[in-house]
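Undergrad: A single structure is presented below for examination.
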């Protein structure tokens, strides 16, 4: 085959180290725009980026020219540096690990709506509940001991 064609949609989820509430409303838009730039640079398409003070959701049209682990590492490393340099959080770090969930083209609008409405979802559900539900819905075999370090509020 002369060319390679793909259509991949991936929802990424990861949290701030120790689940600390460090992402501030007054600068999260700049952070999301910066992350969108990283995604574009990697020849993928940002479809939705949003989150809460302690975690982030990123939905992309994924170009597999970069492996997914390398792609996520680039987002985390570069945005970590951006936060430290621009918002004075010298100890900021993303937690190790991430969730990555694939969706079909027919689900794009629903996933974007879900990510855009994070504040609403978290009025009734914690991040821990949300994340475990995602893992369960996708039938991901996981061990609770290896999930993010959830800090009980």
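Residue numbers (this note's numbering): 166 to 318.
Each residue gets a CB set at the ideal place from its N, CA and C atoms; glycine is no exception.
Between which two residues does the beta strand (DSSP E) carrying residue 222 extend?
TA: Indexing the chain shown from 1 puts residue 222 at position 57. First-last of the beta strand (DSSP E) with residue 222: 220-227.
Undergrad: Where does residue 210 fall in DSSP's three states?
TA: As a working mapping, residue 210 is identified with position 45 in the chain shown. Three-state result, residue 210: strand.
Undergrad: Whose CA, out of 238, 304, 302, 250, lies closest to the CA of residue 195?
TA: Counting from one through the chain shown, the residue named residue 195 turns up at place 30. Nearest C-alpha to residue 195: 250.
Undergrad: Looking only at its own chain, which residues have a Cβ that is under 6 Å from the Cβ of residue 170, when we skip the five neighbours before and after it?
TA: Your numbering for residue 170 matches position 5 in the chain shown. Cβ neighbours of residue 170 beyond the five flanking positions: none.
Undergrad: Under DSSP, the alpha helix (DSSP H) around residue 292 begins and ends at which residues?
TA: As a first step, residue 292 must be located in the chain shown, where it is residue number 127. That run of the alpha helix (DSSP H) goes 292-302.
Undergrad: By DSSP's criteria, residue 176 is part of a beta bridge. Which residues make up the other side?
TA: In the chain shown, the residue the question calls residue 176 occupies position 11. Residue 176 pairs with 224, 266.
Undergrad: Using 8 Å as the cut-off, can you tell me whether the segment 224-242 makes contact with the segment 203-212, which would need three or more C-beta pairs spanning the two stretches below that distance?
TA: As far as the Cβ criterion goes, the segment 224-242 touches the segment 203-212, which means the pair count is three or higher.
Undergrad: In three-state DSSP terms, what is residue 321?
TA: Beyond the ends of the chain as shown, which are 166 and 318, falls residue 321; an answer cannot be given.
Undergrad: So, with DSSP's three-state summary, where would you put residue 319?
TA: No statement about residue 319 is possible, as the shown extent of the chain runs from 166 to 318 and does not include it.
Undergrad: Which first and last residues belong to the alpha helix (DSSP H) in which residue 287 is found?
TA: If you number the chain shown from 1, residue 287 lands on position 122. Counting along the chain, residue 287 falls outside any alpha helix (DSSP H), and DSSP gives it neither H nor E.
Undergrad: Nearest to residue 266 by CA position, among 310, 214, 299, 184, is which residue?
TA: On the chain shown, position 101 is the one that residue 266 refers to. Measuring from the Cα of residue 266, the nearest candidate turns out to be 299.
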